[in-house]
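A.B. asks: Sharing a structure below in structure tokens format, with a few things to ask.
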Amino acid sequence: AILEQAENAKLRARKIVQEDRQLTIGFVPSAEVNLLPKVLPMFRLRQPDTLIELVSLITTQQEEKIRRGELDVGLMRHPVY
Numbered sequence: 001a002i003l004e005q006a007e008n009a010k011l012r013a014r015k016i017v018q019e020d021r022q023l024t025i026g027f028v029p030s031a032e033v034n035l036l037p038k039v040l041p042m043f044r045l046r047q048p049d050t051l052i053e054l055v056s057l058i059t060t061q062q063e064e065k066i067r068r069g070e071l072d073v074g075l076m077r078h079p080v081y
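Numbering (full-length UniProt numbering), first residue to last: 1 to 81.
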């Protein structure tokens, strides 16, 4: 299920980038140190004309903003219920 969600997110992001040339990404603070420095340079090489907006949010805030269409993609921790 997690791999399927990741693939769906990747496809959705690709579609958004192709259509809008803008991508709003939510991320948990730990991603700022661990993930974004690795991923963003690669993304920039492949999509140099795409405007990226980064928003630092906790997982629950990202989930809500994705539901409302305010974020295109979220980099979050798996929620603990």
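C-beta atoms are modelled at their ideal positions from N, C-alpha and C, and glycine is treated no differently.
On the criterion of 16 or more Cβ atoms from any shown chain inside 10 Å, does M76 qualify as buried, or is it exposed?
C.D. replies: For the purposes of this step, residue 76 is taken as the residue at position 76 of the sequence shown. Buried, by the Cβ-count rule.
A.B. asks: Tell me whether Q22 sits in a helix, a strand or coil according to DSSP, three-state version.
C.D. replies: On the sequence shown, position 22 is the one that residue 22 refers to. Residue state, collapsed to three classes: strand.
A.B. asks: DSSP state of L35, grouped into three classes?
C.D. replies: Position 35 of the sequence shown, counted from the first residue, corresponds to residue 35. Coil.
A.B. asks: In the structure shown, what three-state DSSP assignment does L57 receive?
C.D. replies: In the sequence shown, residue 57 corresponds to position 57, counting from 1. Correct three-state label for L57: coil.
A.B. asks: Buried or exposed: L23, going by 16 or more other Cβ atoms within 10 Å of its Cβ?
C.D. replies: The residue you call residue 23 lines up with position 23 of the sequence shown. Result: buried.
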